[in-house]
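Visitor: I am attaching a structure below and will ask some questions about it afterwards.
The following block contains the structure:
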């Protein structure tokens, strides 16, 4: 099992070079997201729960954009291995068109029908009203963010993750400063509360868009050829649909399914405390797992590059095995550390900063313990599905493995115990864990078959 990890210094040096900027990027984003939650939490549990509610559809939008990034990455990373920049330009163009159109549609709904839309996620009128105020302002920000993320994702697939690190570091720092100013009325600005948090997000997304596309016009490492970006052509469009559409569908349906978790919680008794706890636990989880999910992102680039450069299937399989085993071990280390901290330091030092009630604090600890107890499985699943199988072009089976346990096991079980039986939040969270347990065993079986390795740069890609 561990013999596959003996790959030499060059392999691990390359892995760290790819993963480290992604780790730092996610760490900055998620740490400042935790700080953002802290500032909104100072307004009380209700505003924090309302922002959580408003972020449910935003989370779906982000996952759809991640789907376009991941789907495009399947093509870009392999064509980067062949140094085919013309095809890469065409793939970026298709992603711009589709991601921009879908994010614009979501933005219009959130601007024009915010109360009706937020009412789909909770029956708590007070939460819905505050969430609608936030959603109306923050919705348009994701039009800018979708285009930015498509471009940064393309550079990540071309082994340039530092660009995303620099752009998002500036964006998130400006977001934090503006949050401080506009939520609490500092430096002469009005104290706008939740509305101020939304305005800060919108402003920072516009800033990152300006920085990114200024870079795009002057970059010498990779030049955008607008004739190809704006007119990608039928052949590349066909390949994009064939390989990227299952990934987009995967991320969209996974996002919709995952968004039903807080929706179920929003209809349970004590929803305000539960959603507040869910917000804190979710932000801690994002910060704690930056290394785990950076490894998954780097894995997709490595696998795609190796296939595109013409490596043998046996070598690609061995590299995939090393990445999966490393991810499993890393998940165990991270999970153990977070469980210890959540049972000791967090209740005494962290929860009071967010003004959590005793009930919400207890729920937060429970959520963290359950989540990180299965972190080895979740870490493996992320690298195997998002990194290895997708990087190998096995996008349809990767989607099947990712979605089936969520929609056929975890969601129905959580809905039954949470809404029908009304068994409480612990059984609901245990039901949600079924997703990763089932996904682990089906993912291992698919990986061991070896049939996931496909060179999608060949002309015979449809066969």
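Residue numbers (the working numbering): 3 to 465.
All C-beta atoms, glycine included, are put in the ideal place defined by N, C-alpha and C.
Taking just the CA atoms, how far does residue 358 sit from residue 276?
Guide: 11 Å
Visitor: Determine the contact status of residue 268 and residue 55, defining contact as a CB-CB distance below 8 Å.
Guide: Going by beta carbons, residue 268 and residue 55 fall inside the 8 Å limit.
Visitor: Three-state secondary structure (DSSP) at residue 455?
Guide: coil
Visitor: Can you tell me where the alpha helix (DSSP H) holding residue 49 begins and where it ends?
Guide: Where residue 49 is concerned, the enclosing alpha helix (DSSP H) stretches over 47-83.
Visitor: Taking only runs that begin and end inside the segment 335-389, name each unbroken alpha helix (DSSP H) of 4 or more residues, in chain order.
Guide: The alpha helix (DSSP H) runs of length 4 or more contained entirely in the segment 335-389 are, from start to end of the chain, 360-375, 377-383.
Visitor: So, using beta-carbon positions, are residue 93 and residue 393 closer together than 8 Å?
Guide: It is not a contact, given that the beta carbons lie outside the stated cut-off.
Visitor: Would you call the segment 116-124 and the segment 169-185 touching, i.e. three or more CB-CB distances under 8 Å?
Guide: Because the criterion of three Cβ pairs below 8 Å is not met, the segment 116-124 and the segment 169-185 do not touch.
Visitor: According to the neighbour-count rule (16 or more other Cβ atoms, all chains shown, within 10 Å of its Cβ), is residue 5 buried or exposed?
Guide: The C-beta of residue 5 has fewer than 16 other C-beta atoms within 10 Å across all chains shown, which makes the residue exposed.
Visitor: Quick one, which of 380, 150, 437, 278 has its alpha-carbon nearest residue 363's?
Guide: Closest option to residue 363, Cα to Cα, is 278.
Visitor: Should residue 452 go down as buried or exposed, given a rule of 16 or more other Cβ atoms within 10 Å for buried?
Guide: exposed
Visitor: Could you pull out every residue in the same chain whose Cβ sits closer than 8 Å to the Cβ of residue 271, ignoring the five residues on either side in sequence?
Guide: 424
Visitor: In three-state DSSP terms, what is residue 117?
Guide: helix
Visitor: Roughly how many angstroms lie between the CA atoms of residue 145 and residue 400, to the nearest whole one?
Guide: 28 Å
Visitor: Taking the Cβ atom as the reference point for each residue, do residue 199 and residue 132 lie within a distance shorter than 8 Å?
Guide: In this structure, residue 199 sits away from residue 132, with a CB-CB distance that is not shorter than 8 Å.
Visitor: With 16 as the cutoff for other CB atoms within 10 Å, does residue 311 come out buried or exposed?
Guide: exposed
Visitor: To the nearest angstrom, report how far apart residue 355 and residue 282 are at their CA atoms.
Guide: 11 Å
Visitor: So the alpha helix (DSSP H) residue 2 belongs to, where does it begin and stop?
Guide: What is shown of the chain runs 3 to 465, which leaves residue 2 out entirely.
Visitor: Counting C-beta neighbours from all protein chains within 10 Å, is the total for residue 130 16 or more, i.e. buried, or is it exposed?
Guide: In the assembly as shown, residue 130 is a buried residue. Its beta-carbon has 16 or more other beta-carbons within 10 Å.
Visitor: Straight-line CA distance for residue 239 to residue 100?
Guide: 11 Å
Visitor: Just curious, the alpha helix (DSSP H) that residue 236 is in, first and last residue?
Guide: Per DSSP, the unbroken alpha helix (DSSP H) holding residue 236 starts and ends at 236-268.
Visitor: Taking the C-alpha atoms as reference points, what is the distance between residue 317 and residue 444?
Guide: Taking the straight line from one Cα to the other gives about 23 Å.
Visitor: Let me see if you follow: with CB-CB separation under 8 Å, is residue 113 close to chain D or not?
Guide: In summary, chain D is missing from the structure at hand, where a single protein chain is found.
Visitor: Please state the DSSP three-state secondary structure of residue 163.
Guide: Here residue 163 sits in coil by DSSP.
Visitor: For residue 155, which residues from the same chain have a beta carbon less than 6 Å from its beta carbon, with the 5 sequence-adjacent residues on both sides left out?
Guide: 71
Visitor: With burial defined as no fewer than 16 other Cβ atoms inside 10 Å of the residue's Cβ, what is the status of residue 163: buried or exposed?
Guide: A residue is called buried once 16 or more other Cβ atoms fall within 10 Å of its Cβ, and residue 163 is buried on that count.
Visitor: To the nearest angstrom, how far is it from the Cα of residue 128 to the Cα of residue 134?
Guide: Answer to the nearest angstrom: the Cα atoms are 10 Å apart.
Visitor: Going straight from the alpha carbon of residue 141 to that of residue 320, what length do you get?
Guide: Those two C-alpha atoms are separated by around 44 Å.
Visitor: Starting from the Cα of residue 1, find the closest Cα among 379, 413, 242 and give me that residue.
Guide: Nothing about residue 1 can be read from this structure; the chain reaches only from 3 to 465.
Visitor: Which residues mark the beginning and the end of the alpha helix (DSSP H) in which residue 128 is found?
Guide: 127-140
Visitor: So, helix, strand or coil for residue 414, using DSSP?
Guide: Residue 414: helix per DSSP, three-state reduction.
Visitor: With a threshold of 8 Å on Cβ separation, who are the neighbours of residue 28 within its own chain once the five nearest residues in sequence on each side are excluded?
Guide: 288, 292, 295, 296
Visitor: Return the CA-CA distance between residue 153 and residue 387, expressed in angstroms with no decimal places.
Guide: 23 Å
Visitor: On a Cα-Cα basis, can you pick out the residue from 333, 299, 449 that is closest to residue 18?
Guide: 299
Visitor: Going straight from the alpha carbon of residue 337 to that of residue 24, what length do you get?
Guide: 20 Å
Visitor: Mapping DSSP to helix, strand and coil, what is residue 14?
Guide: If DSSP states are grouped into helix, strand and coil, residue 14 belongs with the helices.
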